[in-house]
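Q: Numbering (our numbering), first residue to last: 823 to 917.
Yeah, the Cβ is synthetic: ideal placement off N, Cα and C, and Gly gets one too.
None of the values given here were measured: they were computed from a predicted structure.
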Amino acid sequence: MSKNLRPAQTLRRLTILWVDNTGVPFVTSGFFCEARTLNGTRLATARFDAFGTAVFRTIGTPTTRTLVLRTFDADGVIFRTRTVRSGISAFVFIG
């Protein structure tokens, strides 16, 4: 194996996963995730697929700012809120 291996950027858009405590994705049909700035400005909304994955099409990676991520069910009830640092390509909600 070469000593000059470099990590490859494979996720071009911010990707969110939502899994249980054992790492199994939740069934998240109808759920969505929202990305906001620290001052509350909404940047984007992404829908989860049936396998616990949401991709923000308008947020490139690595991210350039700290974000507040919030998850909601189909009725708009908030489930989770997390603040994530800049410089990421993916984030996982656990539980």
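I think Gly909 touches Thr885, with their Cβ atoms under 8 angstroms apart; what is that distance to the nearest whole Å?
A: 6 angstroms
Q: Any heavy atom of the ligand SAH within a distance shorter than 7 angstroms of the CB on Thr903?
A: Of ligands this structure carries none, so the ligand SAH is not represented either.
Q: Under three-state DSSP, which class holds Gly898?
A: Residue state, collapsed to three classes: coil.
Q: Could you check if Ala868 is buried or exposed, using at least 16 other CB atoms within 10 Å of its CB as the buried criterion?
A: buried
Q: I'd like to know whether the C-beta atoms of Ala912 and Leu839 end up nearer to each other than 8 angstroms.
A: yes
Q: Give me the Cα-Cα distance between Val906 and Ile900, rounded to the nearest whole angstrom.
A: 17 angstroms
Q: How long is the line joining the alpha carbons of Thr832 and Thr888, rounded to whole angstroms?
A: Cα to Cα, Thr832 sits roughly 21 angstroms from Thr888.
Q: From Val914 to Thr875, what does the alpha carbon distance come to, in whole angstroms?
A: 9 angstroms
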